[in-house]
Each structure stands twice: as structure tokens, then as C-alpha cells.
Amino acid sequence: MAFATRFLSRSNGRAILRSNHGAFVRSFAKEAASAPPALKSDELLKGIFLEVTKKFETAVAILRKEKITIDPEDSSAVSQYAKIMKTVREKAGLFSESQKIKKTIEARTSGIPDARSYLLALKDIRIKRGLVDELGAENMMIEALDKVEKELKKPLLRNDKKGMALLKAEFDKINHKLGIRPEDLPKYEEQLELKIAKAQLEELKKDTVEAMETQKKRDEFKNEEMPDVKTLDIRNFL
132 MAFATRFLSR
142 SNGRAILRSN
152 HGAFVRSFAK
162 EAASAPPALK
172 SDELLKGIFL
182 EVTKKFETAV
192 AILRKEKITI
202 DPEDSSAVSQ
212 YAKIMKTVRE
222 KAGLFSESQK
232 IKKTIEARTS
242 GIPDARSYLL
252 ALKDIRIKRG
262 LVDELGAENM
272 MIEALDKVEK
282 ELKKPLLRND
292 KKGMALLKAE
302 FDKINHKLGI
312 RPEDLPKYEE
322 QLELKIAKAQ
332 LEELKKDTVE
342 AMETQKKRDE
352 FKNEEMPDVK
362 TLDIRNFL
């Protein structure tokens, strides 16, 4: 590990983590943006800065204690990383990916009057967040809406209780066909967090390798082999 510590300087270690944990800073800023508007600008900025600093320090304190194995192909390493990130979110008061999606949906769709625009907004949110509709549920939902609107002979508005009840019944049929049950939602959320954890480990591995390759170009490291990424302990670089 002594060689790895020399090979990856402290500054490079921080660079490795920047892309992975930069999302924390963005989350802090978004949450702080909801502060009361009555505050003067300087007081607001000071409050945001202190809140961001506090949450970031909380996150780093946890990461200094937990061992992260940079191996996205190892399911146990991915699972452990996901658990660590969950602890970070809980202790620092951050949203999970599922919570972020829910908040985004609420914000984007609150003023949408009709069902079709609502479904199209959901599709846009999914695409922008890089989520894949592997089951083809979106097309089925649009087809269900087409069916209901044909029966109603008019566009379906979200405040039309009778029409929305018909649409919900069609959606229930889709869920049954796809094997989706409300009680399984926590399982789907966990699967989503694992996918995100794996993607973050892949990015972390890529950034780590790039940082080591940059260091290897220096004269003092030209005759030395790069350490295996999986053997590195991120705690030594924080």
C-alpha cells in the first residue's frame, strides 16, 4: 500500500473521487435552493455554504471509515458500495435516486392538466435520467390511454375522476401482465440503486486508472508497475 500511496498522490486521490461524489455537492445546492426567500442574499449564501460544508464533511467522514473495493464486476463489492452510499445519504440528509425521481416528477407534472402530456413528461424524465424502459411499459400505457380516450371520445383530463379510474384499471392490467406488484416496489428501488452503484464504481475505476497512467509518465514511476485498482484503499487518499 505504501507504493500505491506514492503512486496515487493525495491530490490525485481527491481527483479520483471528484466525479463520483460531485453529485453530493449538486444535491446539497438543490436542497439548499428551497431556503426561505425572505433571507437577504448574503445570509442566504452563507446558510447554503454552511449547509453544503456540513453535509459534505459528514459524507467524507463516513467514506474515511468504510472500505470501498473498486471492482464493478464483483457483485459483493457493488452491494457493499451501495450500502455505504445509502449510509452517506441517510447521515448527510440526501435523497436516494428513487426519491430524486419522485421529486422531479412532482415538480414537472404538478401543473399538467391532461393525462397524455403527463405520460410524455414521465418519458422525458426517464430519458434525461438515463433510465431504460426494458419492459416496454410506456408504449403499453400510451395504448391504454388511446383506448380510454376513444371510449370517452375526448382527451382525458387528470381531474376527470371517471376517466382516470378507467385508465387506472387499464394500468392495473398492464402491471399484472408484466408481473409488477406494488409490494415489490422496494425491491425495484434496491435494484435501481445497485445499477447506479455499479455505474459509479465503473466511473471510479476509469478515473483511477487514468490518474495512475498520468502518474506513470513521471520519471520516478516509469520503471514501476501500476497497482491493481482492486487493491487500492480510497481511505488513504481522503
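Just so you know, we're using the numbering used here here: the sequence shown kicks off at 132 and counts up by one.
Note that CB positions come from ideal geometry on N, CA and C, so glycine has one too.
Query, Result
"Own chain, CB closer than 8 angstroms to Lys217, minus 5 neighbours either side, in chain order", "Ser227 and Glu324"
"Buried versus exposed, by CB contacts within 10 Å (16 or more), Tyr212", "buried"
"Nearest-angstrom Cα separation, counted from Ile236 out to Phe159", "With a pLDDT of 48 at Phe159, under the threshold of 50, the modelled position of this residue cannot be trusted; read the value that follows with caution. Between Phe159 and Ile236, the C-alpha separation is close to 19 angstroms."
"Beta-carbon gap between Val209 and Ala330 smaller than 7 angstroms", "no"
"Limits of the alpha helix (DSSP H) - the one that Glu355 falls within", "Looking at the DSSP string, Glu355 is not in any alpha helix (DSSP H), and its letter there is neither H nor E."
"Inter-residue Cα distance where the pair is Leu253 and Asp350", "53 angstroms"
"For Ile193 and Lys222, believed in contact at Cβ under 8 angstroms, the rounded distance", "6 angstroms"
"Nearest-angstrom Cα separation, counted from Leu298 out to Ala154", "Note that Ala154 scores 49 on pLDDT, short of 50, meaning its location in the model is unreliable; the coordinates nonetheless yield the value given after this. About 37 angstroms."
"Option nearest Pro317 by Cα separation, candidates Arg366, Glu265, Gln230 and Lys292", "Gln230"
"Member of Met343, Ser241 and Leu276 whose CA lies at the smallest distance from the CA of Ile305", "Leu276"
"With 16 other Cβ atoms within 10 Å as the buried cut-off, status of Lys278", "exposed"
"Helix, strand or coil at Asp364 [DSSP, three-state]", "coil"
"7 angstroms Cβ shell around Ile273 - same chain, five flanking residues per side excluded", "Leu250"
"Selection from Arg257, Glu282 and Glu301 that minimises the alpha carbon distance to Met271", "Glu301"
"Three-way DSSP call (helix, strand, coil) for Leu225 in this model", "coil"
"Span of the alpha helix (DSSP H) around Gly294", "Lys292 to Leu309"
"Rounded separation between Asp315 and Gln322 - CA only", "11 angstroms"
"Given 8 angstroms, three or more beta-carbon pairs between the segment 199 to 207 and the segment 329 to 343", "yes"
"Cβ-Cβ distance between Asp245 and Leu288 below 7 angstroms", "yes"
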